[in-house]
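When you line the sequence shown up against the working numbering, it's residues 8 to 274, in that order.
Ideal placement from N, C-alpha and C gives every residue a C-beta, glycine not left out.
Here's the structure we're looking at; comments come further down.
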Amino acid sequence: NKYIGCKRLEGLSEKTLKQYHFMITKFIEAVGKPVKEIDAYDIRFFLASYQQGKEISNRTLVNYQRYISGFFAWLVNEEIITSNPMQKIGKIKTPKVIKQPFTDEELEKLRQCATSKRDRALIEFLYSTACRVSEVVGLNRADINRFTQTMIVRGKGNKEREVYITSKAMFYLLQYEETRTDNDPALFVSKNGRITKDGIEYIIKKIGEAAGVEAYPHKFRRTISTELINKGMPVQEVQKMLGHESLDTTMIYCTVKNDSVKSSHQK
C-alpha cells in the first residue's frame with residue numbers, strides 16, 4: 008500500500024495503479040514469503056506458473072514482470088531489502104508483430120460509413136489529433152482554440168500537451184456542433200451525456216463492421232504517426248505529438264514504408 012501510494016504521487020492513473028496493485032498482490036500471495044526472503048527462483052516460478060495457468064502471451068507476461076520489477080526496485084530504494092532479486096531475471100522474448108495502420112482506401116470507407124455528423128467528426132478528430140480515447144473523453148467544447156485550431160489535452164500521468172486540428176476535422180466538428188441542442192460542455196456526447204471510452208470504442212467498431220474494415224480508436228493514432236514519419240516529420244516531434252515518454256514507444260507505433268527507406272538510402 009505504501010508503494011501504491013508512492014506511485015500515485017508520481018502521477019500514475021488509477022487504472023494503472025489498479026493493475027500494479029492486482030499483480031503485486033497476486034505475486035506476494037502466491038509466493039507466501041516476506042519480501043526480504045523472496046529470491047529469483049520464487050519470481051521465476053511465479054511467472055512461469057502464472058503464464059501456464061492463465062495461458063497468457065509473453066507480451067502480457069512482460070508487463071507483469073515490469074510491475075514486479077518496479078516494486079522490488081522501490082523496496083531497494085526504500086532500504087526495505089538490501090538486494091534486488093529481479094536483476095537475476097532474464098528478459099522475456101516477445102514476437103515483434105507490426106500492427107498495420109489504416110490504408111487510404113480503408114479511411115475513405117470508414118468516412119462513408121459514418122452516417123451521423125457526430126461519428127464523422129469523431130473519425131476526423133481521432134485521425135487529426137492522434138489523441139488517446141481516454142483523452143477525448145475528457146475534452147470540452149470550450150477547450151478548442153478555433154483561431155489556432157489547437158487544443159490542450161491531459162494525457163497519461165496528468166501531463167498536458169498541445170494537439171492540432173486540421174481544417175477538415177474542424178469543419179466536421181463545427182457541423183456536429185450545429186446539430187447539438189444540449190448544454191453539456193463535453194466535446195462529444197451520447198444520449199446519456201458525456202461519451203465514455205467504451206462508447207467511442209463501440210462507435211468505431213460498428214463503423215468498421217459496416218465498412219468491412221478492422222477498426223478501433225487506437226489505430227487512428229498509429230495511422231497518423233506513421234504517415235507523418237513517412238512524410239518526413241522528425242520522430243522526436245512525432246513523439247511529442249503522441250505524448251510518449253520514450254522514443255522506443257513511438258517507434259512501435261510507426262510503420263516506416265520501404266519506399267521511404269529506399270529513397271533515404273538513395274539520397
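Rounded to whole angstroms, the separation of the alpha carbons of Phe-78 and Glu-86 is 12 angstroms. For Glu-113, the secondary structure class from DSSP, reduced to helix, strand or coil, is helix. Each residue's CA atom was taken as its position, placing Ile-210 and Thr-188 some 21 angstroms apart.
In the three-state scheme derived from DSSP, where H, G and I count as helix and E and B as strand, Arg-15 is classed as helix. In this structure, Ile-99 lies near Leu-68, with their beta-carbon atoms less than 9 angstroms apart. Look at the region 157-233 and you find these whole runs of beta strand (DSSP E), each 3 residues long or longer: 157-161 and 167-171. CA-to-CA, the gap between Lys-198 and Glu-131 works out to about 21 angstroms. Only residues of its own chain outside the window of five on either side were considered, and among them Glu-184, Pro-192, Ala-193 and Leu-194 have a CB closer than 8 angstroms to the CB of Arg-148, listed in chain order. Around the C-beta of Ser-123, fewer than 16 other C-beta atoms lie within 10 Å, and the residue is accordingly described as exposed. Note that the region 133-142 touches the region 229-241; at least 3 beta-carbon pairs, one per stretch, sit closer than 8 angstroms. Cβ-Cβ distances below 8 angstroms link Ala-176 to Ala-128, Glu-131, Phe-132, Tyr-134, Ser-135 and Thr-136 in the same chain, with the five nearest sequence neighbours on each side left out; the list follows chain order. Residue pairing by DSSP places Asn-147 opposite Ala-193 in a beta bridge.
The beta carbon of Pro-92 is closer than 7 angstroms to those of Ile-45, Asp-46, Ala-47, Ile-50 and Phe-79 in its chain, skipping five residues each way along the sequence.
Shown here for Val-242: same chain residues with a beta carbon closer than 8 angstroms to its own, the five before and five after excluded, namely Ile-236, Leu-254, Thr-257, Met-258 and Cys-261 in chain order.
According to the DSSP assignment, Lys-22 belongs to the alpha helix (DSSP H) that extends over 21-38.
Comparing C-alpha distances from His-225 to each of Glu-216, Ile-159, Glu-115 and Ile-207 shows the shortest one belongs to Ile-207.
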